[in-house]
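One structure is given here, and the rest of the page talks about it.
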Amino acid sequence: MKFTSRQFGDIDYQETHEFQFPDGIIGFEHLRKFLIIDDEDSQPFRWLVSLEDPNLSFPMIPPSIVVPDYAPVLPTGGTVFAVAVLNEPIEQSTVNLRAPVMIDTVTREGRQVVLEQDRYSLQHPLFAPPAGVGGA
Amino acid sequence: MLILTRKTGEEITIGENVTVRVIAVQEGQVKLGIEAPKELKIYRGEIYELIQQQNMKATQISKSSVAKAAGLLSGSNLRSKKGGPGTG
């Protein structure tokens, strides 16, 4: 299968690599088919790339890289990612720990889950604040 | 917008499968019980909007920004220059 993404250009992939998002992504509920791209320059980030809109790809990061003891109560098992929002300056970038993206590599299904508990932030700092400067 | 007044314990029904019951009202807070089919996603409005905004912003991010962030992460912790913002 072939697909051209704005971010990654021509992509050759097998249908078995697709992930189905039955509910889409919040704000993009019409998008159902995605690839997860592991781009060498982007590691440890991954890209959730829409196969239906070449303009749409979402950078994600394993939340444990940002919060090592990240352990929310999740409805299903699978691999967890947090959508990353990189800002300018980049030090002010955030990750969404409240609405993780769950990926089931067996069923090839994914969904963005909204956690009931408010323990985790929608805009958690990607980078730890420098020592000596208190958080806001 | 349809505006209805309900008392504690009273319900409204939406369509055939959704009911919203007023469980409790106190100090400016309303506790609602919602029964709806599982496939219907229910979110707190402001949280849904914020997630939507975050996702929207995420789609604007370039590969080069991600590479830059990746570089900062791999350089162990972010080392900010001394005397950075936030002092004084």
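If you read the sequences in order, they're chains A and B. Residue numbers 7 to 142, in my numbering, belong to the letters of the first sequence in order. Residue numbers 37 to 124, in my numbering, belong to the letters of the second sequence in order. Glycine included, C-beta positions come from ideal geometry on N, C-alpha and C.
* Please classify residue 96 of chain A: does DSSP put it in a helix, a strand, or coil? => As a working mapping, residue 96 of chain A is identified with position 90 in the first sequence. Three-state result, residue 96 of chain A: helix.
* Inter-stretch contact (C-beta, 8 Å, three-pair minimum) for the region 27–36 of chain A and the region 68–86 of chain A -> no
* Asked: If we count the other Cβ atoms within 10 Å of its Cβ and call it buried at 16 or more, is residue 61 of chain A buried or exposed?
  -> As a first step, residue 61 of chain A must be located in the first sequence, where it is residue number 55. Flag for residue 61 of chain A reads exposed.
* Asked: Excluding sequence positions up to five away, which residues of its chain have a Cβ less than 6 Å from the Cβ of residue 121 of chain A?
  -> By one-based count along the first sequence, residue 121 of chain A stands at place 115. Excluding residues within five positions, the ones whose Cβ falls inside 6 Å are 78 and 104.
* Can a CB atom of chain A be found closer than 9 Å to the CB of residue 102 of chain B? -> Here residue 102 of chain B is taken as the residue at index 66 of the second sequence, counted from 1. So, interface residue.
* Asked: With DSSP run on the structure shown, which of helix, strand or coil describes residue 54 of chain B?
  -> Within the second sequence, the letter at position 18 stands for residue 54 of chain B. Residue 54 of chain B: strand per DSSP, three-state reduction.
* Name, going along the chain, the residues of the region 47–58 of chain A whose beta-carbon falls closer than 7 Å to a beta-carbon of chain D. => Reference to chain D is not applicable here, since the protein chains of this structure are A and B.
* Report the option in A:57, A:90, A:52 and A:38 whose CA atom is closest to the CA atom of residue 91 of chain B. => By 1-based counting over the second sequence, the position of residue 91 of chain B is 55. Of the listed residues, the one whose Cα sits closest to residue 91 of chain B is A:90.
* Asked: How many angstroms separate the CA atom of residue 56 of chain B from the CA atom of residue 123 of chain A?
  -> Start at 1 with the first residue of the second sequence, and residue 56 of chain B comes out as number 20. Start at 1 with the first residue of the first sequence, and residue 123 of chain A comes out as number 117. Using only the alpha carbons, I get a separation of about 21 Å.
* For residue 92 of chain A, return the contacting residues in chain B, with the cut-off set at a CB-CB distance below 7 Å. => Locating residue 92 of chain A in the first sequence gives position 86, where the first residue counts as 1. In chain order: 97, 101, 102 and 105.
* Buried or exposed: where does residue 20 of chain A fall if 16 or more other Cβ atoms within 10 Å of its Cβ makes it buried? -> The residue given as residue 20 of chain A occupies position 14 in the first sequence. When all chains shown are included, residue 20 of chain A counts as exposed.
* **Among A:37, A:11 and A:75, nearest to residue 99 of chain B - alpha-carbon criterion** => Looking up residue 99 of chain B in the second sequence gives position 63. Comparing Cα-Cα distances from residue 99 of chain B to each of A:37, A:11 and A:75, the minimum goes to A:11.
* **Proximal residues of chain B, C-beta to C-beta of residue 65 of chain A below 7 Å** => By one-based count along the first sequence, residue 65 of chain A stands at place 59. Residues of chain B passing the Cβ test: 94, 97 and 102.
* **Option in A:45, A:63 and A:119 with minimal Cα separation from residue 79 of chain B** => For the purposes of this step, residue 79 of chain B is taken as residue 43 along the second sequence, with counting starting at 1. Among A:45, A:63 and A:119, the Cα nearest to that of residue 79 of chain B belongs to A:119.
* Proximity winner among A:102, A:85 and A:14, relative to residue 92 of chain A (alpha-carbon distances) -> Residue mapping note: residue 92 of chain A aligns to position 86 of the first sequence, counting from 1. Ranking the options by Cα distance to residue 92 of chain A, first place goes to A:102.
* To do: Consult DSSP for residue 61 of chain A and reduce its assignment to one of helix, strand or coil.
  => On the first sequence, residue 61 of chain A is found 55 positions in, with the first residue counted as 1. Coil at residue 61 of chain A, not helix or strand.
* Per DSSP, what kind of secondary structure is residue 116 of chain A in: helix, strand or coil? -> Counting from one through the first sequence, the residue named residue 116 of chain A turns up at place 110. Under the three-state reduction of DSSP, residue 116 of chain A is assigned to strand.
* How about residue 108 of chain B and residue 71 of chain A: do their beta carbons lie closer than 9 Å? -> Taking the first residue of the second sequence as 1, we reach residue 108 of chain B at position 72. Taking the first residue of the first sequence as 1, we reach residue 71 of chain A at position 65. Contact flag unset, no.
* **C-alpha gap between residue 71 of chain B and residue 82 of chain B, whole angstroms** => Sequence index remark: in the second sequence, residue 71 of chain B carries index 35 (1-based). Sequence index remark: in the second sequence, residue 82 of chain B carries index 46 (1-based). Near 20 Å, if we compare the C-alpha coordinates of residue 82 of chain B and residue 71 of chain B.
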